[in-house]
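As they're listed, the protein sequences go chains A, B, C and D. Here the first sequence stands for residues 1 to 448, where the numbers follow full-length UniProt numbering. Here the second sequence stands for residues 1 to 448, where the numbers follow full-length UniProt numbering. Here the third sequence stands for residues 1 to 448, where the numbers follow full-length UniProt numbering. Here the fourth sequence stands for residues 1 to 448, where the numbers follow full-length UniProt numbering. Note that beta-carbon positions come from the ideal geometry of N, C-alpha and C, so glycine has one too. Keep in mind that this is a model prediction, so the values were computed, not measured. Written below as structure tokens is the structure these notes are about.
Protein chains: 4
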Amino acid sequence: MNRSGFFYDLLSTLFERTDFARAKGDGRSITELCEDLIASQGEVSGDNMGRQILTRFSELTPDGEIEFFNYLTEHMDIDTGRLQTLAASYQAERSPETFASLVAAAEPKRQELLRRINRVQGATGELVKMRSRLLRLLKDHPSFGRTDLDFQHLFGSWFNRGFLLPRRIHWQSPANILEKIIKYEAVHAIDDWDDLRRRVEPADRRCYAFFHPAMPDDPLIFVEVALVRGVPNSVQAILAENREILNPESADTAVFYSISNCQTGLRGVSFGNSLIKQVVEDLRAEVKSITTFVTLSPIPGLNRWLRQSHAAQAGAAGGGDLEAAVESAIETGDLAGLRDQAPWLRRQAADYLVNQKDRHGMPLDPVARFHLGNGAMIHDIHAAADLSPNGVRQSCGLMVNYLYDLKKISQFHEGFAENHTVFTSREVRALADAAAANSNSRKAKNGA
Amino acid sequence: MNRSGFFYDLLSTLFERTDFARAKGDGRSITELCEDLIASQGEVSGDNMGRQILTRFSELTPDGEIEFFNYLTEHMDIDTGRLQTLAASYQAERSPETFASLVAAAEPKRQELLRRINRVQGATGELVKMRSRLLRLLKDHPSFGRTDLDFQHLFGSWFNRGFLLPRRIHWQSPANILEKIIKYEAVHAIDDWDDLRRRVEPADRRCYAFFHPAMPDDPLIFVEVALVRGVPNSVQAILAENREILNPESADTAVFYSISNCQTGLRGVSFGNSLIKQVVEDLRAEVKSITTFVTLSPIPGLNRWLRQSHAAQAGAAGGGDLEAAVESAIETGDLAGLRDQAPWLRRQAADYLVNQKDRHGMPLDPVARFHLGNGAMIHDIHAAADLSPNGVRQSCGLMVNYLYDLKKISQFHEGFAENHTVFTSREVRALADAAAANSNSRKAKNGA
Amino acid sequence: MNRSGFFYDLLSTLFERTDFARAKGDGRSITELCEDLIASQGEVSGDNMGRQILTRFSELTPDGEIEFFNYLTEHMDIDTGRLQTLAASYQAERSPETFASLVAAAEPKRQELLRRINRVQGATGELVKMRSRLLRLLKDHPSFGRTDLDFQHLFGSWFNRGFLLPRRIHWQSPANILEKIIKYEAVHAIDDWDDLRRRVEPADRRCYAFFHPAMPDDPLIFVEVALVRGVPNSVQAILAENREILNPESADTAVFYSISNCQTGLRGVSFGNSLIKQVVEDLRAEVKSITTFVTLSPIPGLNRWLRQSHAAQAGAAGGGDLEAAVESAIETGDLAGLRDQAPWLRRQAADYLVNQKDRHGMPLDPVARFHLGNGAMIHDIHAAADLSPNGVRQSCGLMVNYLYDLKKISQFHEGFAENHTVFTSREVRALADAAAANSNSRKAKNGA
Amino acid sequence: MNRSGFFYDLLSTLFERTDFARAKGDGRSITELCEDLIASQGEVSGDNMGRQILTRFSELTPDGEIEFFNYLTEHMDIDTGRLQTLAASYQAERSPETFASLVAAAEPKRQELLRRINRVQGATGELVKMRSRLLRLLKDHPSFGRTDLDFQHLFGSWFNRGFLLPRRIHWQSPANILEKIIKYEAVHAIDDWDDLRRRVEPADRRCYAFFHPAMPDDPLIFVEVALVRGVPNSVQAILAENREILNPESADTAVFYSISNCQTGLRGVSFGNSLIKQVVEDLRAEVKSITTFVTLSPIPGLNRWLRQSHAAQAGAAGGGDLEAAVESAIETGDLAGLRDQAPWLRRQAADYLVNQKDRHGMPLDPVARFHLGNGAMIHDIHAAADLSPNGVRQSCGLMVNYLYDLKKISQFHEGFAENHTVFTSREVRALADAAAANSNSRKAKNGA
């Protein structure tokens, strides 16, 4: 007998307004519409202009898109001259009036433009798509990075953690949501509806997602969880078709084996930490027997690093020609070669995850950065843990457990945030040390 | 057989996170917590600091509040020197990097602080309350207006029209929502639950509100509507206890007879226009017979203006001692005096609403500004339309119908927005002209 | 993150069909309509006839109602001649065909009539009302008892426990449901909305109800629960306006202090046992600290029995003129007299509850029969426990705790069901024995 | 802004109790449990016995099932001797008491047994399954027909139209419901999730189902509808993968092209009529442009009848060897032969549908009986309308439109119900007459 239903009702209205309704054009170009929208007073005509801008944008050619973003970047920018003048005025007299003028001038006009467009029902999702288009152009048009910063700033405010709706995804979920889970799964591809069902229906499987009220049809991020006994060392075991289903109350460990961001257009707006935190809280309340929260994570950058690093070049200590070995293993399905090198590979992975840093002093591996940043520690490294072609190709089949130790999350988080300290289990530390020692001795030998 | 129920489910999560959970303090002062929160990396410890800040704020003494807002205003302000330097850098080289530095410096730190506090579950409502405290201090501490601008800026973004949830309020609504309708009604007070029921239960009455997903328990604004035959000229007739209930399908007119903003802390963030627009759309779809959308609105500034203006002073054309007449009418309940002056009062009201302008060229009356700004026109003016003490005291019992003519809303809106043109019916125009002519001839006589 | 929302959606359809829509008559009388409905094939025209019958019934005069029920009783009865013939046929040849004929003849036509009426949307509630009318006539028209048996039989099937929807009632519940709680409260009257709120809003109060999908606006039964420390001995303490609210997690006891059946028309269809069972299950899951489930119940028949029994007559052992004492206590508000007699009254109450039986060997008190039948035991008896006029008038202010000991419910239920054994605590047993001994010795003295 | 959400909440409880929880046995046999359950007083222990009976039943061997149903049929039957005695008593004295005894004896004990089992949460669906097992045994155990009558009687009461929940099925529906649509589709098989999506997602497709509150996971019946322009003559055109999607507002016709009962165990409990009625009402309200409601229905018995009838035997008027032609057409995919015979086939189908009757005077075709019984008329007959192997095999690819003319449904329903009158369009009448004339002249020629 849970509590009130008014809120269900409240959200029914979300649905009615979900779809963005296209608007017929009235002859104005998209940039004219933007000019008019930013100049307009009141909302009555603004809604129509906002709708037209979104419709028009969706019909632009690739060149048209470039032109449009160029317009946003160059014509809706900050007027630096004016800004300097107003900053001086404010410096001279710190009144609400001078402040108001200053902050108005300090924000590029395109921010207000995007806010006004966002008043249209269903616009939020369209703006997220708009940014995903922008992101594809960034490489060739680096100046658009200025406009992108404004998108990111606004999205950070709109997709504030306090506005997100956590939601369990299961076999009773709507098909239109489930098909998006299939589509967005980025770590271990979901083959079809039967594969999906194996991940969301059994009593020892969970899937959770975050939604935003303005995009109720579209998950922002989701995580897949397996309830198991003991910390797992193989994702294929987790995904096996004919595995035995565990009574959740017999499980002692929750494994986060896949986390996928769904919206390219929300890059840089972080949800993963909050989702993991929420799921840990929910699972603790629901399944009392679970005491260990751990991931089984890919090491996406391992092989790239191995190739680049001395280790791969020198082929030392059983290295061999990694690339060839990997491709041959995938082609023949014969992974014996990789298995033989398991001890060496685990040491290399530990070295890569624990010791190797970028110029900011952060771990090279993005997944490591994510979980360590959340306050996790590196618990274990497994060879032959992901034997899919993708798993072999990116990390010779190795995977890693990041452990979320509830009592130490804050401490680890602080340590990593402030000093980039990488916390590990003793075993992983030993592996990393062994690799480092080996590497140093090699370097010493080489007279480096 | 309406569509999907996933969304009801989605919102169930809103409920679970509605309540703001207080946090125990850890010895740091509220300003220390603010410093630490703004300096922190990552979200893990941020949540706890945000929660502590809100808890601490709710416990502040009046002096403590002043000190806190002073801290926000003076210590979390824009560094104008730095801003000028960075504006110059950006002017010199318009790169994403210089732009990023500029926009970071162009925003007062308190904005980021408030955004970080808002990550905490239930924080949004607490921040709205925080601003309502701030607003009370503005008069004595005008410098706080700078901080207030930042609140308003953020709220404008968070309470974007696209995120609001329109909701019908009726007798099946939750009691905790209904009691807030009683509490927030600002125009025609609701005496008790029976009075409330008369406004939301009968088939010819409607009430609609906007909610925000982060404050599902608390309406932002609501409007009360009566479905009637013909344009009404008395609010007491609408609110009468024993009136006959009309079959909605016999109604031809929807009367917006009360609009109340609920959250002081959201002052300056406008919802009324959107709500009226939404309600008109909904009613048109639901009750086909309704073709006229009109308000029955107070004229809150009429008596004040009458007292101040020549009309009251001169007591011309049947003016008399207005103030005394009003008080006596209220005390004795004898409104005959006011009725006698109905023709003169209607002319004065028309003059006040149509001809009298502030220094920006806008109508003096705030309700007139609101509806005219939405694209309505002044349709009619009624004497003896609100005979409650409040109605007599503020406008000698006069009320006004603003008409929303769906075919002309855009045109009227534009005309008013651009040229402050006040559109009226012929009759009201004639009343206003008569009053103006009279006044001019009087002035001429007086040699003015 | 609870599970699916499809079901919310599913029930949305309940709402659309809740209201019974009246039908215009077509000239046929209500009995003609009944004849035609029972004779009709298919549903198309049946729906309309069913709707007309319900509309027509609601418009009947008192005499018309009697005529109608008489028609149901006498003209829609079993044809016993035909039944005997068909019973003989079936006895001779036990085939599906002879069986079908027999069971068709063995059921009064009015049952099929009521089933067909019930196909109409919203009819179930109307039929419940129809029976409540019938029940009022039973005393003067005992033959209607035959029709009543058919109503009860059908309702027993339709309101099967498996179809009921348990629901928590709280301050977020719809006002139209809450006003029914006010209306239906049968034990301790709810004065107004503030009183209601005190019973459903505080964290240490609960209210649960059963609904039926075909009557979603109308509770069938509800129970009010207080979470407290220790077994309570005063209902006024529970209902006090200014009591301190307890953190539920500090409570060790759940007190069922009021159970009200809402639908007269469902008399004889029992829900109370199931509701208590459901609430106990829910509370155990929700509030782990609660280990004791107990009632604080009225003893509605105590004073009547006292007046009738020797005890009252003889005025023995401190009896006195009970009736006069009671009325004077109520009038003067001086309950000292009753307090003085507390020991004697508790013994009498124990005697009444434990020892006194009706001709079926069941306890005289209906509330005792209900809880003992559910598997509860008599735990304690309190004087000065309900000092409201009603409480004093029915039981001199005494109340009783029935204890639901989860480990013994089945055993006690069986013992009571089979042998009418009344299980009690030692203390209550001692009180009852003392009263019985006293009474016997008195009888012995009196030579009875 | 639709109305209240309490009901969504209400139904949330449905979900919590959906699953039938199995019970451990306590050593008693299933028939001992039945004896004990029927003998028990009160509900406390009854629940457990009911749960055990259902669990035990689900584990029975085929022989065990026969034994169990035999027990129900023979040991829980009516005691005819006692029934006759009590009928005589009631004949002698028509009191509520004699009536109560009579009706208690007139009902087989197994009805009360099933009602008591049904009190268990989730039992209803289990009992429906139980009957589906019983139905499979009926042919070999005709005496079980007596028990089956009791199941049907109870289900008729429990699944009363007034308790059913109509629900639209769409692509936002839960996957666990959608997979049941795939499974239960009985007319035009759904190949996979893509095929399903084509039937429920496009704007010009609809699917509606009935649910029962006690089985919220399992549809009872569903209908698939296409919104089209003009009355369709080919189901393959409706199901085509690459057809153009129609704007619903351009449609003038709603085609019911598939109706499937989902629960074998509910055979004889009719929902189809109500569902069609509900869908017609909903579509009329939602899509104003639709004025024609028509089916595109199979003629399942046509070929069987053709083979049996003189027409097929004589091979007259282009008949030929039907069976061989059909099989060759299916095998080769060459349907030219069938197309050539279209005029003759349409006449035969008209004859079969309109003129041919069973011994009760009803049409031979079950689908015809269903729609005509609902008040539809035969509107048109199409050759080459279902060219799937199944369509060719059962009816040479012919299909029929039954038209629901809203103004005549009642009249047609009555005419068919009372006189078995088959209403048709002129064209179909002409076809049927021509076939009959031809057949008569042939019979005349043959001297028959």
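Look at the beta carbons and you see the region 169-176 of chain D not touching the region 280-291 of chain D: under three pairs across the two are nearer than 8 angstroms. Fully enclosed beta strand (DSSP E) runs of no fewer than 3 residues occupy 165-168 of the region 165-189 of chain B, in order along the chain. By the C-beta criterion, the region 94-103 of chain B is judged not to be in contact with the region 145-161 of chain B, since fewer than 3 inter-stretch pairs fall below 8 angstroms. Against chain C, a Cβ distance below 9 angstroms from glycine 145 of chain D picks out Ser95, Pro96, Glu97, Phe99 and Ala100. If you draw a straight line from the Cα of leucine 102 of chain B to the Cα of leucine 164 of chain B, it comes to about 32 angstroms. Note on asparagine 247 of chain D: under 16 other CB atoms within 10 angstroms of its CB, so exposed under the neighbour-count rule. Distance between alanine 209 of chain B and tryptophan 193 of chain B, taken at the CA atoms: about 18 angstroms. Residue pairing of alanine 209 of chain B in beta bridges, as defined by DSSP: B:Arg167 and B:Phe222. A distance below 7 angstroms separates the beta carbons of leucine 134 of chain A and phenylalanine 69 of chain A.
For asparagine 176 of chain A, the residues of chain D that pass the 7 angstroms Cβ criterion are Trp171 and Gln172, in the order they occur in the chain.
DSSP places isoleucine 38 of chain C inside the alpha helix (DSSP H), whose first and last residues are 30-39. Per DSSP, reduced to three states, the secondary structure at threonine 295 of chain D is strand. Interface with chain B (7 angstroms Cβ-Cβ cutoff): tryptophan 305 of chain C is excluded. If only complete runs of 3 or more residues are kept, the region 374-408 of chain C shows the beta strand (DSSP E) at 377-382 and 399-404, in order along the chain. Here lysine 183 of chain A is exposed: its Cβ has fewer than 16 other Cβ atoms, across all protein chains shown, within 10 Å. In this structure, valine 354 of chain C sits away from leucine 296 of chain C, with a CB-CB distance that is not shorter than 7 angstroms. The DSSP-derived three-state label of isoleucine 117 of chain B is helix.
A contact between stretches requires three or more CB pairs, one per stretch, nearer than 8 angstroms, and the region 194-204 of chain D fails this requirement with the region 267-278 of chain D.
Ranked by Cα distance from methionine 49 of chain A, the first of A:Tyr257, A:Gly25 and A:Leu60 is A:Gly25. Counting only the Cα atoms, arginine 116 of chain C lies some 14 angstroms from phenylalanine 155 of chain C.
Counting only residues of its own chain and dropping the five nearest sequence neighbours on each side, serine 143 of chain B has a CB closer than 6 angstroms to the CB of Thr73. When C-beta distances to chain D are compared with 8 angstroms, the residues of the region 68-89 of chain C below that value are Asp77, Ile78, Thr80, Gly81, Leu83, Gln84, Ala87 and Ala88, in chain order. With its beta carbon at least 7 angstroms from every one in chain D, phenylalanine 293 of chain C lies outside the interface. Look at lysine 277 of chain A here: in three-state DSSP terms it is helix.
Only Phe211, Pro213, Ala214 and Pro216 from the region 186-218 of chain A bring a Cβ to less than 7 angstroms from some Cβ of chain B. Residue range 253-261 is occupied by the beta strand (DSSP E) that includes tyrosine 257 of chain D. Pairwise C-beta distances place the region 397-404 of chain D in contact with the region 376-384 of chain D, as three or more of them are shorter than 8 angstroms. Taken through DSSP and simplified to helix, strand or coil, proline 216 of chain B comes out as coil. Counting along the chain, valine 354 of chain A sits inside no alpha helix (DSSP H), nor does DSSP assign it H or E at all. In the DSSP assignment, valine 228 of chain B is bridged to B:Thr253. Residue state for proline 300 of chain C is assigned as coil, using DSSP reduced to three classes.
When beta bridges are read from the DSSP output, threonine 80 of chain A appears opposite no residue. Bridge partners of threonine 424 of chain C according to DSSP: C:Ile378. Apart from sequence neighbours up to five positions away, the residues of its chain that approach glycine 373 of chain C with a beta-carbon distance below 8 angstroms are Asn273, His413, Phe416 and Ala417, ordered along the chain.
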